[in-house]
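*Asks:* One structure follows; several queries about it will come next.
Numbering (our numbering), first residue to last: 1183 to 1254.
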């Protein structure tokens, strides 16, 4: 889990540097330091995103198997 999060954070920071804080789907950053509950919710959002991505991969694999068996 920590390795996955470590891989994701540098990429997001680099994107913010290029695109600014106004990119789609991102909240504006606050100047005050984050609270511990902010980190908890951030981790929850990250885990939900990872679960959603994994579910989509599994669904795509199942669809591929079905289409292969049908011959399309």
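We put the beta carbon where it would ideally sit given N, CA and C, even for glycine.
Which of the three DSSP states is assigned to residue 1217 in this structure?
*Replies:* coil
*Asks:* Alpha carbon to alpha carbon, what distance is there between residue 1221 and residue 1245?
*Replies:* Residue 1245 and residue 1221 have their C-alpha atoms spaced approximately 36 angstroms apart.
*Asks:* Could you give the distance in angstroms between the alpha-carbon of residue 1204 and the alpha-carbon of residue 1241?
*Replies:* Legend: pLDDT at residue 1204 = 49, less than 50; position of this residue unreliable, no value from coordinates given.
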